[in-house]
Each structure stands twice: as C-alpha cells, then as structure tokens.
Amino acid sequence: MRKMCVMSVAVFMSYICDAGAQRTWSLRQCVDHAVEHNLTVKQYENMVRQRQISLSTSENSRLPNLTASANESMSFGRGLTSNNTYANRNTQSTNFDLSTNVPLFTSGRITNEIKLGRLDLEASMADLDKVKDNIELQVIRAYLDAIYQKDMVKVAEEQVRLSTLQVKRVQMLYDNDMRSGADLAQIKSAKASDESSLTQQRNAYMLALLELSQLLELPTPDGMDLVTPSTDVSELSDIPLPEVVYSEAVGMKPQVMAEQMRLKSAEKGVKVARSSYFPSLYFSAGMGSSYYKTSGYDTPSFGSQMKDNFNRYMALSFSVPIFNRFATRNAVRTAKVQVNNQEIQLEETRKALYKEIQQAYYNALASKRQCESAEMSLASANESFELTRNRYENGKANATDFQEAKMSLMKAETTLLQSKYTFLFRREIINFYRRTR
C-alpha cells in the first residue's frame, strides 16, 4: 500500500513538473488547449452523444423486433375434470414462444421522429460550439489581461531603473555637498515606493497568469510565458461596420444555428403529433410449442408433445383512431405553440447577436480613439519628463518636481498600454463574430 502511495505521488509530481515546465503560449494555443480540456465542453460533448444515441433509437424503430419467452406453471388442489366432477390433482404446463413485430405503416410518425432527432442532434452540436465560443472569449480576455500585466511589469521596472539612477546621481551630488540630505532622502523614498509598486505589479501579473492557467485547466501557472501580440494600432485601424459583421455572423454563429435547428425540430414535432390522427399497420408473426401434464393421467412425453403442439402464426394489425378524448388534437395544438415559441426565441437570438455586434463595434471605435489620444499624451508626458529631468540634474528643479514628472510619464504609459490592449480585445471580439469554429 505504501509503495502504491509513493508511486501515485511520483506520478502526480511528474504531472505538475511537466505542466510547470517553461513553455511559451500563443493566443491560439491557449484557446485550443482550453477548449480541449474544459470540463463544461466535455459535458456538452456527452449531451451530443446522448442525442446520437436517441437518433439511433429512432432509426432502429423501423426494424422488426424479436422476442423469445418461456413459461412454466404448476397448480395444486381441487379442479374440474372432463366428467364434470371435482378431484384433487396437480397440473404442470410448459410454453415456449418466439415472436416478431414489424411496423409497416405509421402515417409518417417514424420518419418524422428520425428527422426530428437529426435536427435535435444538430442543435446540440451547435450548443457545443457555442460553449467553445464562450470559452474562447474568456481565454482571449484573460490572455490579453495577462499580457497587459506583463507589460506593466516592464513599465514598473523602468520606473525603478530611473529611480536607481537618480539615487546614484543625487548620492554623488550629496557627497560633494551639492545636494541636501532632504533631497537624498526624498529620492530614496521615491525609489522604495517604485520598488513596492514593482512588487505589486509582479503579483498582479502572477494572478493574471493564474486565472489564465485555470481556464486552460493547468495545475499551476509556473513556467508559463506568453507571446506578446502586436500593439500597433495602425495595423488594426480597419473596423468593419456592424451591418457587415452581422450579415456574416447570422448565418454561421452557433447560437443562431442552434435555434434554427430547434425551430425545424418543433415543426417536425407538429407532424409527429398529427400522425396520431391516421391509421397504422403492423405485421406480426410467431411460433411456439407447449407441454402439459396432469397427475393421475398418462401424458405423452415432453419431446412428443413439443413436436405435436408446435404452431406458427402470422397476423396483420390495422388500427384506426376514432376518438381519444381530444388527446391528439391537444398534442397538435401544444406542438404549434412550441413552434411559435421557437420562432420568438430565434428572433430574440438574432436581435441579441446584432446588439452584441453593435456594442463591440462602438467599443472598438472608442478604444481606437482612446489609443490615439493616449499616444499624444505619452509624447507630451515624455517630453515634459525629459525637460524636468534635465532641470533636476542641473539643480533647477527639486525632487518633488522630478517625481511628479516621472509619475505623469508612468501614468501616460499605463493609459496607453491599457487602451491598446482594450482595443485589441474589442477588435478580437469583432473578428470572433466573423469567423467560424
């Protein structure tokens, strides 16, 4: 038992080490891995399998069935004899039977049930694609957030580098009695603050990686590295109009296709319900034999009776519905209501899709404009910082002025990064609506 436990721990640790090994992930790799290992996706895959089994059951209902049966019975006590008197006696009987039943005509019920099952299967497969799409969007959001946090670490590291250089410079000036102790203490305090911000930013990056790794069903985010996509806004300036995106999306997005399949399935449901108005025809056949024995009487042997009592039969069963308390009529009405509900659901799905695309378009447009503004702000902040740094190094500005200029530069860099990754995400959403899985 101990040996088995040790082996289990070794296998688990090996899995952890493999998962934590250094690996660079692209966005496409993250999406594919998440879709392949996500538990919700696996649940929907099982639902698709259930639909496949249900369809197989409907298709096989056209086949003949075959039933074999055997019956053994015994009775004891008084019973009526052939002389019309009662006497105590024991009886034993054995029966064997083999029968089959074949539907010949069901007024289209089986055919429409098969078509309904195929449509339900297609709808279930579209639901599976919808779940995969939702996971893809979650991964895209988490991936870009992690990349953003990664770049913010670089910004924080640059702030620490600048603070370190200034501490060295002020320390040298202080040693030569060209700066006061207050200036040195202030710049050291600014460096300590920048180092604290860097630690916090690294923690934020690790938490972003953790969220992404959980979406990918990885045991740990250790060893993960991400490919940084291009953040050149000029390369992504073309944003198609909502009408163009919708015209492409409405014919291929799984949520619309699923509701379309369910509408067709509901229409088949009406035909299935109507089939109960019409007659049905079944063919049946069978064969069997029996053995009978009564105490006190001489009976032929088992084999002799089985041979002599062997029988065969064939039959046609024709059923005509006349009145079933309006059950069929109400079933048809219910099926028609379901068709109407499904038409409404399809229209709601289409409208929701168009609203999502509209929102994605205007969000992307706003993000693009924000990127342009942030680039101009960064240029101004960088120019202001360089001027302040020169003044500070020449003793014409104090540490507070320098720190404010540095913080303004960091804020401008942060705003630009945030706006770029926001635009990348929103642009990716528009692309998401334009492609199939």
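To convert, note that position 98 of the sequence shown is 608 in this note's numbering; the numbers rise steadily by one, no gaps.
Note that the Cβ used here is the ideal one computed from N, Cα and C, for glycine as well.
Since we're looking at a predicted model, the values are computed, not measured.
Counting C-beta neighbours from all protein chains within 10 Å, is the total for P574 16 or more, i.e. buried, or is it exposed? exposed
Whole angstroms are fine: how far does the CA of E938 sit from the CA of E705? 34 Å
Rounded to the nearest angstrom, how far is the Cβ of N821 from that of S790, given a contact under 8 Å? No, N821 and S790 are not in contact; Cβ-Cβ is about 27 Å, not under 8 Å.
Taking DSSP as the reference, what is the three-state secondary structure of G796? strand
Cross-strand partners of P613 (DSSP beta bridge): Y792
C515 - DSSP class collapsed to helix/strand/coil: Note that C515 has pLDDT 44, beneath the 50 cutoff, so the model's placement of it is unreliable and the number below is only indicative. Helix, per DSSP.
Contact the region 616 to 629 vs the region 558 to 574: 3+ CB pairs below 8 Å: yes
Quick check: the Cα distance between A884 and T925, rounded to an integer number of angstroms? 6 Å
In its own chain, which residues sit with a C-beta less than 6 Å from the C-beta of M584, not counting the 5 before and 5 after it? Q602
Under 7 Å, do V641 and Y554 count as touching if we go by C-beta distance? yes
On the three-state DSSP scale, how would you describe M762? coil
Say whether the region 725 to 742 touches the region 652 to 668, bearing in mind that this needs 3 or more beta-carbon pairs closer than 8 Å, one atom from each stretch. yes
Looking at the unbroken beta strand (DSSP E) that takes in F828, where does it start and where does it end? N821 to S829
Tell me whether I854 is buried or exposed, calling it buried when 16 or more other Cβ atoms sit within 10 Å of its Cβ. exposed
Please report how far the alpha carbon of V649 lies from the alpha carbon of T610, in whole angstroms. 55 Å
Taking C-beta to C-beta, are A652 and L725 nearer than 7 Å? yes
Taking T604 as the reference, which of A580, V612 and P613 has the closest Cα? A580
Hey, could you find the ends of the alpha helix (DSSP H) R712 is sitting in? G691 to L725
On the DSSP bridge assignment, give the partners of Q602 in chain order. M584 and K803
I think N892 touches L919, with their Cβ atoms under 8 Å apart; what is that distance to the nearest whole Å? 6 Å
Using the Cα positions of L565 and E923, report the straight-line distance between them to the nearest angstrom. 58 Å
With respect to the alpha helix (DSSP H) encompassing D911, which residues constitute its N-terminal and C-terminal limits? A909 to Y943
DSSP state of D735 mapped onto helix, strand, coil: strand
Just to confirm, is the Cβ distance from R936 to N873 under 7 Å? yes
Tell me, to the nearest whole angstrom, how far the beta carbon of A636 is from that of M771; I am working on the premise that it is less than 8 Å. 6 Å
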